[in-house]
Amino acid sequence: RKEVEQDPGPFNVPEGATVAFNCTYSNSASQSFFWYRQDCRKEPKLLMSVYSSGNEDGRFTAQLNRASQYISLLIRDSKLSDSATYLCVVNLSGYSTLTFGKGTMLLVSP
Amino acid sequence: DTAVSQTPKYLVTQMGNDKSIKCEQNLGHDTMYWYKQDSKKFLKIMFSYNNKELIINETVPNRFSPKSPDKAHLNLHINSLELGDSAVYFCASSSTGEGEKLFFGSGTQLSVL
Numbered sequence: 414r415k416e417v418e419q420d421p422g423p424f425n426v427p428e429g430a431t432v433a434f435n436c437t438y439s440n441s442a443s444q445s446f447f448w449y450r451q452d453c454r455k456e457p458k459l460l461m462s463v464y465s466s467g468n469e470d471g472r473f474t475a476q477l478n479r480a481s482q483y484i485s486l487l488i489r490d491s492k493l494s495d496s497a498t499y500l501c502v503v504n505l506s507g508y509s510t511l512t513f514g515k516g517t518m519l520l521v522s523p
Numbered sequence: 002d003t004a005v006s007q008t009p010k011y012l013v014t015q016m017g018n019d020k021s022i023k024c025e026q027n028l029g030h031d032t033m034y035w036y037k038q039d040s041k042k043f044l045k046i047m048f049s050y051n052n053k054e055l056i057i058n059e060t061v062p063n064r065f066s067p068k069s070p071d072k073a074h075l076n077l078h079i080n081s082l083e084l085g086d087s088a089v090y091f092c093a094s095s096s097t098g099e100g101e102k103l104f105f106g107s108g109t110q111l112s113v114l
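Residue numbers (my numbering), protein chains in the order written: chain B, 414 to 523; chain U, 2 to 114.
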């Protein structure tokens with residue numbers, strides 16, 4: 414089992430749609446979780462952290478289920494500018510490196 | 002006033018050559034990294050330096066040698082380049098205690114012919 418697995422893409426959605434990405438991680442000792450965004454031919458950028466209680470940032474909602482070792486990202490009211498690859502990222506306690514998933518590509522069309 | 006800058010942006014070279022990629026950050030961070038993103042878009046850590054000291058060295062061929070002259074710079078030298086080295090190499094930095102908030106450079110696209 415891969416350390417961090419994500420939904421295969423691409424996800425093609427129309428503007429205004431709601432889309433959800435899922436991610437599972439294999440190491441139950443993982444302590445912190447994040448979503449990064451990577452535009453085509455650009456560097457990854459931190460989108461948001463994921464907390465056990467769930468957290469929201471505008472149209473973006475992230476949730477964590479430690480029992481199932483599962484992380485999700487929900488994007489409401491999709492915009493054209495949301496088109497990118499979304500990377501699920503996990504950090505082990507005591508380590509200073511992040512483990513990245515392969516990413517899920519989102520394409521939002523007019 | 003780019004936060005993490007790496008050069009060159011593109012590097013095209015022949016097999017067997019030696020090349021270097023430079024990275025500098027002006028964020029005052031004390032930890033710097035090299036990541037490799039292959040053709041399948043998988044982003045993987047190669048090295049991590051904290052205050053010029055190597056703290057992470059993943060399973061990378063010893064043809065790859067990082068060097069950190071000071072905590073704002075982390076360069077990557079690659080000897081005897083191979084076809085399989087073709088990838089995008091990203092430099093990144095973070096602050097101690099905030100290792101999850103990585104700031105990446107714009108990447109160096111390395112093509113080995």
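Glycine included, each C-beta is placed from N, C-alpha and C at the ideal position.
Going by the DSSP bridge assignment, what does residue i pair with across the sheet?
{"i": "MET518(B)", "result": "THR498(B)"}
{"i": "GLU54(U)", "result": "ASN51(U)"}
{"i": "VAL417(B)", "result": "TYR438(B)"}
{"i": "HIS78(U)", "result": "SER21(U) and SER66(U)"}
{"i": "PRO427(B)", "result": "SER522(B)"}
{"i": "ASN504(B)", "result": "SER445(B) and LEU511(B)"}
Taking residue i as the query, report the chain U residues whose CB atoms sit under 9 Å from its CB, ordered along the chain.
{"i": "THR437(B)", "result": "The premise fails here: THR437(B) is roughly 16 Å from chain U at the closest Cβ pair, so nothing lies under 9 Å."}
{"i": "GLY516(B)", "result": "LYS42, PHE43 and LEU44"}
Determine the burial state of residue i: buried for a count of at least 16 other Cβ atoms within 10 Å of its Cβ, exposed for fewer.
{"i": "ALA433(B)", "result": "exposed"}
{"i": "MET33(U)", "result": "buried"}
{"i": "ASP71(U)", "result": "exposed"}
{"i": "THR97(U)", "result": "exposed"}
{"i": "ALA475(B)", "result": "buried"}
{"i": "ARG450(B)", "result": "buried"}
{"i": "ASP495(B)", "result": "buried"}
{"i": "GLU469(B)", "result": "exposed"}
{"i": "GLN26(U)", "result": "buried"}
Would you mind telling me which residues of chain U sit closer than 7 Å to residue i, beta carbon to beta carbon, in chain order?
{"i": "THR510(B)", "result": "ILE46, SER49 and ILE57"}
{"i": "PHE513(B)", "result": "LEU44"}
What residues from chain B crowd round residue i, counting only those whose CB sits closer than 8 Å?
{"i": "SER21(U)", "result": "In chain order: nothing, as chain B lies at least about 20 Å away."}
{"i": "PHE105(U)", "result": "GLU456, PRO457 and LYS458"}
{"i": "PHE91(U)", "result": "GLU456 and PRO457"}
List, in order along the chain, the chain U residues whose C-beta lies closer than 8 Å to that of residue i?
{"i": "PHE473(B)", "result": "The contacting residues do not exist; PHE473(B) stays about 17 Å from chain U at best."}
Would you mind telling me which residues of chain B sit closer than 9 Å to residue i, beta carbon to beta carbon, in chain order?
{"i": "GLY108(U)", "result": "ARG454, LYS455 and GLU456"}
Original post:
In chain order, what residues of the region 429 to 463 of chain B put their CB closer than 9 Å to some CB of chain U?
Top reply: From the region 429 to 463 of chain B, only SER445, PHE446, PHE447, TYR449, GLN451, ARG454, LYS455, GLU456, PRO457, LYS458, LEU459 and SER462 have a Cβ closer than 9 Å to chain U.
**OP:** Would you list, in sequence order, the uninterrupted beta strand (DSSP E) runs of no fewer than 3 residues that lie entirely inside the region 452 to 497 of chain B?
**Re:** DSSP runs (the beta strand (DSSP E)) wholly in the region 452 to 497 of chain B: 457 to 463, 468 to 470, 473 to 478 and 483 to 488.
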